[in-house]
Amino acid sequence: MKEISQTVNPLDSRQVYAFVTLVETGSFAKTARHLSLTQSAISHSIRALESEIGCRLLVKMGKTVTATEAGEALFHHAQRGLMEFAAARDKLEKLKLWGTRRLRVGASSIINRKLLPDVLMELRRKYPRLIVAVKTVHSSRHAEQLQSGELDCVISEQHTQDPDLEFTPLFESLFQIIVPANHRWSDSQRLPIEELSGEPFILPEKLSPVRKLIDRYYWKEKRTLNGILEVENLETMREMVKAGLGISILPGWIVQDELRLGTLRSFAPGRRPLNLEWGFHNIRSRPPDLIQCDFRALCVTTVKEIFGTAN
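Whatever position you read off the sequence shown (first residue = 1), add 399 for the numbering used here.
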């Protein structure tokens, strides 16, 4: 978290509000009426603010007041700051209401689209005043977002590198070799494993948990994949396979519709199964509260309904 400088005294918010209102109205009389103060009080606030900053902020031209160059600079920042304070006050007022709570969830785009709408609908029925924020996250950053307090929990593939993270499984995903319907292997009953190294592969980026899983699997199989493209998003990988750019290795639940329609074909990746658990990540020192536990339970139920076996 960025620290507030100890060498700079914060400006008085009431003086800043008076200044912004005065610039907007251009009149001491209008500002006084708007703020329910006397013109003398407004003048005193502006003089105190100018004294604190050390420069003139306003100049009077007849009955109209306009900002100096320094005043325009302050007005630009002060206006934004007051809007942020107003938004913060509004959020705090909502949080003070009986039963109002907050849940901040991070997930990949496909989890957000396939799983969360039904889950959040049920959660809102149970907690009608619940404020929910959903953020699309990348696996390389979710530990940082959890530790900073930006997110309460993340739904993603298992990520065990950080000892501060706790992982709770949600479903297990079986990975398969995915080829387009017009691929020469499409009519085969089994994967011609001896041809695997010569095929152009669309793979996840190198540092992702899925890519590490794939690399480890084929290292044990003593095979090397010919990666021609590295893609961050699993859905994008699926669409690239459909477009004929190459073949890939994807979880079955991501391509279940295409497999059913016959636009893609799948094969076992090798002699052994290749699977990865997906679930909830949270900070170990901040155990989930009641709402987060209910959210998890709804996710488990919805996974069974939407994904079936979740492979």
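Where a beta carbon is used, it is the ideal one built from N, C-alpha and C, also for glycine.
Which residues DSSP lists as bridging residue i, in chain order
| i | result |
| --- | --- |
| Trp584 | Per DSSP, none; premise fails for Trp584. |
| Lys459 | Val464 |
| Arg664 | Val578 |
| His680 | Val553 and Phe566 |
| Arg503 | Ala532 |
| Pro603 | Val630 |
| Pro650 | Phe574 |
| Asn625 | Pro599 |
| Asn674 | Leu573 |
Contacting residues, own chain, Cβ-Cβ under 8 Å from residue i (five flanking each side not counted)
| i | result |
| --- | --- |
| Val504 | Leu515, Val531, Ala532, Val533, Lys534, Leu550, Asp551, Cys552, Val553, Ile554 and Phe694 |
| Tyr416 | Leu434 and Leu481 |
| Lys641 | Pro579, Glu657, Thr662 and Leu663 |
Identity of the residue in the options nearest residue i by Cα
| i | options | result |
| --- | --- | --- |
| Arg670 | Ser596, His680 and Arg589 | Arg589 |
| Gln557 | Asn674, Phe418, Ala447 and Pro687 | Asn674 |
| Asn625 | Glu631, Phe679 and Tyr617 | Tyr617 |
| Val419 | Arg446, Ala466 and Ala428 | Ala466 |
| Arg622 | Glu483, Ile690, Ser426 and Ser596 | Ser596 |
| Ser507 | Trp584, Lys525, Val422 and Ile653 | Ile653 |
| Arg583 | Phe666, Pro687 and His475 | Phe666 |
| Arg446 | His541, Gly470, Pro527 and Arg432 | Gly470 |
| Pro668 | Gly651, Gln655 and Phe679 | Gly651 |
Contacts around residue i, its chain only, beta-carbon distance under 7 Å, and the 5 residues preceding and following it disregarded
| i | result |
| --- | --- |
| Trp497 | Unreliable placement is indicated for Trp497, whose pLDDT of 48 sits below 50; no coordinate value is reported for it. |
| Glu449 | Arg455 and Leu456 |
| Pro672 | Leu573 |
| Thr701 | Leu514, Asp517 and Val518 |
| Asn511 | Val533 and Thr535 |
Short Cβ contact (9 Å threshold) for residue i with residue j
| i | j | result |
| --- | --- | --- |
| Glu451 | Leu410 | yes |
| Arg413 | Ser444 | yes |
| Arg664 | Val578 | yes |
| Phe566 | Glu468 | no |
| Arg501 | Leu529 | yes |
| Val536 | Cys698 | no |
| Arg610 | Glu629 | yes |
| Asn681 | Leu569 | no |
| Ser684 | Pro608 | no |
| Val464 | Leu522 | no |
| Glu634 | Ile509 | yes |
Same chain, Cβ closer than 6 Å to residue i, neighbours up to 5 away in sequence not counted
| i | result |
| --- | --- |
| Glu631 | Glu604 |
| Gln575 | Gly651 and Ser665 |
Check: residue i C-beta below 8 Å from any heavy atom of the ligand FAD
| i | result |
| --- | --- |
| His443 | Judged by which ligands are present, the structure shown has none, so any question about the ligand FAD falls away. |
Review point. How about the segment 448-460 and the segment 428-440: do they share at least three Cβ pairs that are nearer than 8 Å?
Key: no
Review point. Are three or more beta carbon pairs between the segment 634-646 and the segment 593-605 nearer than 8 Å?
Key: Short answer: they touch.
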